[in-house]
Structure formats: structure tokens, C-alpha cells
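In the UniProt record's numbering, the protein residues as written are 1 to 280. Every residue, glycine too, gets a C-beta built ideally from N, C-alpha and C. These figures come from a predicted structure and were not determined experimentally. These notes concern the structure reproduced below.
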DNA sequence: CATTTATGAGAAT
DNA sequence: TTCTCCTAAATGG
């Protein structure tokens, strides 16, 4: 479920519901039993999102680290805690609310050193004020890898996932295959600023919307997108459907086991540099 | 009801 | 590059 906006939203939500008071922690499924015992009864000091990683900082310098992976999910509600349904990795209860966690890739308790190590391997998070976009650009510019892969590399841009990568590339008019080396400082700043704006919007709305005003369903008098995700986007999961700007069918192509989507007209592939022989 | 898929990422080959 | 893990919902017969 999660790109960075989801995790930042969860950090805010969990702070509102649980910070400043002790929580009880349990792992009905059992797989987080030892970690839950460490957290149980402690006061939640604060919460934080670093890219797609969610951190709960508890008294005693213990940090709960959760990464939702591809299909992890949180749910919360008012007490009392409902009867367990399905695989429940963790259940937290505070003074008025409960929190359920299912299917995370990571759910563990870290000490200060391990938490610092986690931070150190993450790149610039567009949703954080302490992000260093110039450092991200340095990595991008030095790589011939496709820009789509670089944007999704969490050690370069933390929190950007498949949807934001595909969409920001459409909005920039760049094919996903464009090599990082083609991105100068001006282009990078434009991409970064756009990505940050989109993701901030995502935190506020709780969904990913990337279409400009003139391409909304209302403006175009078209049916709104209906799928689980619900956001209005240009290319993500729209293979074969007409580009909202030029009408050309959207292309889908594989990359590192994931699907990329782009408009072959609005996002022309960079010229292939051909070995050149000859001359005058 | 079985199979497939998913906004991810690390390890293995 | 391919595999593997985690879980639930969508998809297909």
C-alpha cells in the first residue's frame, strides 16, 4: 500500500492517537511476540517517517521500526479492541484507540545504533525538511541507470515508489528509460520540486493524484478512475488506454520485475547514442 | 474456489 | 535477472 506519503500520514496519525502515554503491545499471530514484550507498557515519545519506514520512539531509547512492504497494512479505531481477524502481527492499545498491523515486511524493535544505521542508508526524502536533494542529484547524475530505477532507489530518493516515479516522469516529459546522466541540475530541481509537491498533496489527501487541473475528470468530462487506489493519474496502470494529453495508448514495460507505464509521445525516449564511425 | 496480483526490497543465482 | 517473503483483495473459471 505504501509510498512515502502513506507512511508520513501514519506517523502523524499514530502520534495523534498514542503519543505521550503508555501503550500495550501484543502479537496475536506470535511472530512479533518478543518485540511486543519490549514495547509493552512504555510511553510512546514520538513518531517519525523516514521514506517508507515508520518509526515509533518509545521511552528507554527503543524504536519500533515498521516497513509495510508491498501489502502491509495498518488499521485503527476506538476501544474496545475488536476480535482478531486474520494474521495480526501487532496490536497496540492506547488510552482510547487500538492499532492493528498486518503483513509488514519489517516489524522490529531497534536500539539507537540500529536506528541510526537505518537512517544512514536512506536517501533524500521529499517529505522531510532535512532532505538533501543535491546529494540525490549527485547520485542520479553519476549513473547511467534508467531514471525510473534511480527515483525508486531508496538510498537516493527515500519514499518515492512506483506510482510517483511513473507519474513524475510523465509530468516531466521524460521516458522512464532516460539515463541519470542526462539529468542536469535544472532538470533535477524541476523533478524534485514536482515530486515533493505531489507527495505533500498525497499526505494531505491520503491518495495519489497527479493530474493537472485541466485533466481532471470534471475538466475533461470523463469517468473518474475507479480502482482500489482511487487517485487520478496519467499513466500508472493505464496500459493501452489513451493518454490524457495526446490520446496515444499508454505503454507498459517491465523493469526489475515491476511494471513501468509511459506515454511514448509525451515522454519520448532519449536518442540512442550510436557508436559513431566515419566522419567527413 | 483456485489463481493472480499488489503502491516493496532483500537475497540468491 | 530471478526468487522469496509477508497478507488480503481482485480476478477468473
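(message) Is the beta carbon of residue 78 closer than 8 Å to that of residue 60?
(response) no
(request) Using alpha carbons as the reference points, say which of 91, 136, 81 and 178 lies closest to residue 39. (result) 91
(request) For residue 131, I'd like the list of residues in its chain whose CB is within less than 7 Å of its CB, leaving aside the five on either flank, ordered along the chain. (result) 124 and 125
(request) Label residue 211 either buried or exposed according to how many other C-beta atoms from any shown protein chain fall within 10 Å of its C-beta, with 16 as the threshold for buried. (result) buried
(request) State buried or exposed for residue 251, treating a residue as buried only when at least 16 other CB atoms are found within 10 Å of its CB. (result) buried
(message) If distances are taken between C-alpha atoms only, which option among 68, 46, 159 and 84 comes closest to residue 27?
(response) 84
(request) Grab me the residues of residue 245's own chain with a C-beta within less than 8 Å of its C-beta, minus the 5 sequence neighbours each way, in chain order. (result) 215, 234, 263 and 266
(message) Please report the straight-line C-alpha distance between residue 100 and residue 46, rounded to a whole angstrom.
(response) 18 Å
(request) Could you give the DSSP three-state label for residue 32: helix, strand or coil? (result) coil
(request) Consider the C-beta atom of residue 152 and the heavy atoms of the ligand SAM; say whether any pair is separated by less than 7 Å. (result) The ligand SAM is not part of this structure, which contains no ligands at all.
(request) Check residue 249 in the structure and name its three-state DSSP category. (result) strand
(request) Using 10 angstroms around the beta-carbon of residue 114, count the other beta-carbons present and answer buried if the total reaches 16, otherwise exposed. (result) exposed
(message) At the level of alpha carbons, what is the spacing between residue 208 and residue 200?
(response) 10 Å
(message) Just to confirm before moving on: does the CB-CB distance between residue 67 and residue 105 stay below 8 Å?
(response) yes
(request) List the whole-angstrom C-beta distance separating residue 151 from residue 165, where the pair is believed to meet the contact cut-off of C-beta under 8 Å. (result) 4 Å
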